[in-house]
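All residue numbers in the sequence shown are consecutive under my numbering, ending with 250. Each residue gets a CB set at the ideal place from its N, CA and C atoms; glycine is no exception. What follows is a set of notes on a single structure, which appears directly below.
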Amino acid sequence: MIRLRDITKFYSSGFVKTFVLRNIDLDVCEGEFLTIMGPSGAGKSTLLYIIGMLDDASEGEYHFFDQPIHPLNEKKRTRIHQQNIGFVFQSYHLIDELTVYENLETPLLYKKVKADERKSLVADTLDRFRIVAKKDLFPNQLSGGQQQLVAVARAVIINPKLILADEPTGNLNSTQGQEIMELFKKLNREGTTIIQVTHSEKNASYSDRVIRLLDGWLEGRQGKPGGGKPQAGDDKKKRLEEK
Ligand code: ADP
8 MIRLRDITKF YSSGFVKTFV LRNIDLDVCE GEFLTIMGPS GAGKSTLLYI IGMLDDASEG
68 EYHFFDQPIH PLNEKKRTRI HQQNIGFVFQ SYHLIDELTV YENLETPLLY KKVKADERKS
128 LVADTLDRFR IVAKKDLFPN QLSGGQQQLV AVARAVIINP KLILADEPTG NLNSTQGQEI
188 MELFKKLNRE GTTIIQVTHS EKNASYSDRV IRLLDGWLEG RQGKPGGGKP QAGDDKKKRL
248 EEK
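In structure tokens:
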């Protein structure tokens with residue numbers, strides 16, 4: 008589903024190039040649940056943004072479902088993002104001028120979902136996340152945890168093929184955090200591919216594979232499916248074999 012080859016990202020200032028990602032090779036299969044870990048500043052968010060088509064690499068090739076993304080302009084990349092990807096931002100990125108209801112409706116408008124269906128999807132999602140009572144409030148009237156819940160709800164509402172989540176439970180209490188991870192696990196079992204960035208070993212334990220970034224380098228042979236350390240994916244293979 009995702010194939011990154013020799014992805015490099017640097018920022019230039021004057022004659023100095025600051026490398027953020029170096030020669031990343033990464034394959035992610037459809038249906039995988041992948042965790043990206045590593046110390047602060049290692050390049051995790053940058054990698055997630057590139058995969059999410061919200062940023063482009065300086066060098067290298069990116070294929071998404073065999074379609075080359077690296078030659079596309081921003082407008083075309085955004086279109087593919089809107090159709091396929093739900094992104095949970097670390098700092099939520101909710102639209103301040105819109106209510107919770109309208110924030111949830113936005114990705115459906117981009118996806119050109121009809122009014123009736125939009126209404127019912129937003130209602131279901133408000134219900135599922137137990138935020139019905141907040142629907143007419145604006146983001147700045149919510150706590151950090153509530154904003155994070157709305158951000159997750161907005162990412163999953165289009166039933167995306169790929170969910171990308173940057174520290175999705177950082178501001179939730181442990182029960183809410185667990186609920187989000189259980190929801191991700193459920194969506195993953197139903198076929199959604201998930202890539203999360205997290206510092207939490209507990210959150211990482213929900214995934215099939217963990218890859219680690221250090222100073223912009225991907226450690227070891229972890230870019231290959233099955234190349235990560237604990238082969239939780241083996242469980243999934245076993246489950247599939249048992250079916
Ligand atoms: P992580 O998510 O692992 O904490 P990031 O991907 O956010 O790391 O950032 C990796 C590095 O890239 C950091 O050292 C950061 O300062 C640098 N960086 C990010 N954006 C820019 C930018 N626009 N200009 C220069 N350096 C940047």
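When the options are compared against residue i, the one with the closest alpha-carbon
i, options, result
"R219", "R12, G48, E112", "G48"
"G151", "F96, R125, T132", "F96"
"P114", "D131, H88, I138", "H88"
"K24", "S65, F191, I165", "S65"
"N80", "Q154, Q148, M60, G67", "M60"
"L101", "R125, V157, T85", "V157"
"A130", "K142, K119, V120", "K142"
"L169", "S207, K16, L55, R12", "L55"
"N91", "E189, R125, V107, Q74", "Q74"
"R12", "G38, I57, S19", "I57"
"M8", "F26, S19, L221, C36", "C36"
"V27", "G227, E226, D222", "D222"
"L190", "N110, A162, Y108, K16", "A162"
"I202", "L225, G38, D32", "G38"
"I165", "E104, G227, F94, F22", "F94"
"D32", "F22, L116, K16", "K16"
"S257", "I138, K82, Q185", "Beyond the ends of the chain as shown, which are 8 and 250, falls residue 257; an answer cannot be given."
"I138", "P46, L116, H70, Q153", "Q153"
"N180", "Q155, P78, S98, P167", "Q155"
Distance cut-off 8 Å: residue i Cβ against heavy atoms of the ligand ADP
i, result
"V27", "yes"
"Y99", "no"
"V204", "yes"
"Y69", "no"
"P46", "yes"
"L225", "no"
"Y108", "no"
"L11", "no"
"L220", "yes"
"T53", "yes"
"Y117", "no"
"Y18", "yes"
Rounded Cβ spacing between residue i and residue j (contact assumed at less than 8 Å)
i, j, result
"F72", "S214", "21 Å between Cβ atoms; not a contact."
"T42", "A211", "4 Å"
"V204", "K51", "5 Å"
"F145", "T106", "6 Å"
"L111", "A160", "6 Å"
Three-state secondary structure assigned by DSSP to residue i
i, result
"P114", "helix"
"A172", "strand"
"I138", "coil"
"G198", "coil"
"D32", "strand"
"H88", "helix"
"K83", "helix"
"G93", "strand"
"D13", "strand"
"S52", "helix"
"G67", "strand"
"L144", "coil"
"F22", "coil"
"I187", "helix"
"V107", "helix"
"I43", "strand"
"L262", "Residue 262 is absent from the model: the chain starts at 8 and stops at 250."
Contact test: residue i Cβ vs the ligand ATP heavy atom, cutoff 8 Å
i, result
"G50", "This structure does not include the ligand ATP; its bound ligands are the ligand ADP."
Closer than 8 Å is the cut-off here; do at least three beta carbon pairs connect the stretch 138-153 with the stretch 186-203? No: fewer than three Cβ pairs fall under 8 Å.
Quick check: the stretch 170-187 against the stretch 107-122, are at least 3 beta-carbon pairs closer than 8 Å? Verdict: no, contact absent.
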